[in-house]
Amino acid sequence: MVDQMMKTMEQYANNLEKVVAERTGMLEDANVRADRLLSQLLPKYIANELKNGRSVPPKTFSQSTVMFCDIVGFTNMCSNATPQEVISMLNSVYSGFDEIIERREAYKFLAGYVIPHRRGEKMTVRLGFHTGPVAAAVVGLNAPRYCLFGDTVNMASRMESTGEPQKTQISEATHLMLERHYPEYITTYRGPVEVKVKWILYD
Numbered sequence: 001m002v003d004q005m006m007k008t009m010e011q012y013a014n015n016l017e018k019v020v021a022e023r024t025g026m027l028e029d030a031n032v033r034a035d036r037l038l039s040q041l042l043p044k045y046i047a048n049e050l051k052n053g054r055s056v057p058p059k060t061f062s063q064s065t066v067m068f069c070d071i072v073g074f075t076n077m078c079s080n081a082t083p084q085e086v087i088s089m090l091n092s093v094y095s096g097f098d099e100i101i102e103r104r105e106a107y108k109f110l111a112g113y114v115i116p117h118r119r120g121e122k123m124t125v126r127l128g129f130h131t132g133p134v135a136a137a138v139v140g141l142n143a144p145r146y147c148l149f150g151d152t153v154n155m156a157s158r159m160e161s162t163g164e165p166q167k168t169q170i171s172e173a174t175h176l177m178l179e180r181h182y183p184e185y186i187t188t189y190r191g192p193v194e195v196k197v198k199w200i201l202y203d
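Under UniProt numbering, the first residue of the sequence shown carries the number 1, and numbering increases by one thereafter.
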């Protein structure tokens with residue numbers, strides 16, 4: 001009788017150990033996925049601070065280059081596509097930008113991107129850049145967002161909205177920054193452009 005009880009308890013302990021190991025593995029996998037997602041949504045150092053339960057104070061950057069991108073005819077594309085096709089297209093665009101950030105080959109990607117649900121039709125975009133100071137902060141508690149504030153963000157938005165399709169429009173400040181740090185980039189002077197600046201937030 002005692003031997004049977006000991007055997008039963010041993011089996012129970014082994015099963016319990018197996019369940020704990022499985023649950024621990026699932027928890028570790030979930031933590032890895034959560035960390036990866038957080039790192040994709042926020043800058044790495046901010047993701048680490050939030051993960052460790054520390055607050056992230058607002059920070060100013062004396063010189064940052066901000067880009068805005070507009071997909072020309074996006075509303076028309078959406079009206080002639082299924083929700084799944086729109087999501088697939090946007091996922092491809094965002095994935096492409098992620099690769100661009102790593103490889104620094106923006107024009108090569110954007111100039112040749114084919115719309116998935118419109119075979120043979122290439123996507124047309126407008127890009128706007130401006131360089132200057134920005135303030136950055138994590139806004140929100142339940143769903144934190146990393147936001148940029150300041151006139152630099154506003155000007156970058158106007159550089160995009162006043163630009164031409166399939167072209168990149170940069171401000172004089174960005175042009176000077178390229179001349180100083182990346183002289184291999186060739187720019188063409190467009191001429192004066194009237195820009196109305198409004199205060200906006202970019203996240």
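Where a beta carbon is used, it is the ideal one built from N, C-alpha and C, also for glycine.
Exercise. Mind reading off the beta-carbon distance from residue 171 to residue 131? Whole number of angstroms is fine, and I expect it under 8 Å.
Key: 7 Å
Quiz prompt | Reduced DSSP secondary structure (H/G/I, E/B, other) of residue 171 | solution = coil
Practice problem: Throw me the rounded Cβ distance for the residue 124 and residue 166 pair, which I believe falls under 8 Å. | Solution: 5 Å
Exercise. Note the first and the last residue of the continuous alpha helix (DSSP H) segment covering residue 84.
Key: 83 to 103
Quiz item: Helix or strand or just coil, what does DSSP make of residue 18?
Solution: helix
Quiz item: Going by DSSP, what residues sit across from residue 71 in a beta bridge?
Solution: 125
Exercise. Using three-state DSSP, classify residue 132 as helix, strand or coil.
Key: strand
Quiz prompt | At least three beta-carbon pairs within less than 8 Å, the region 71 to 81 to the region 137 to 146 | solution = no
Quiz item: Over what stretch of residues does the alpha helix (DSSP H) that includes residue 45 continue unbroken?
Solution: 44 to 51
Quiz item: With a Cβ-Cβ cutoff of 8 Å, do residue 38 and residue 51 count as a contact?
Solution: yes
Quiz item: Skipping 5 residues on each side, what residues in its chain have a beta carbon closer than 6 Å to that of residue 31?
Solution: none
Practice problem: Figure out for me which residue from 137, 71, 188, 161 has the closest Cα to the Cα of residue 42. | Solution: 137
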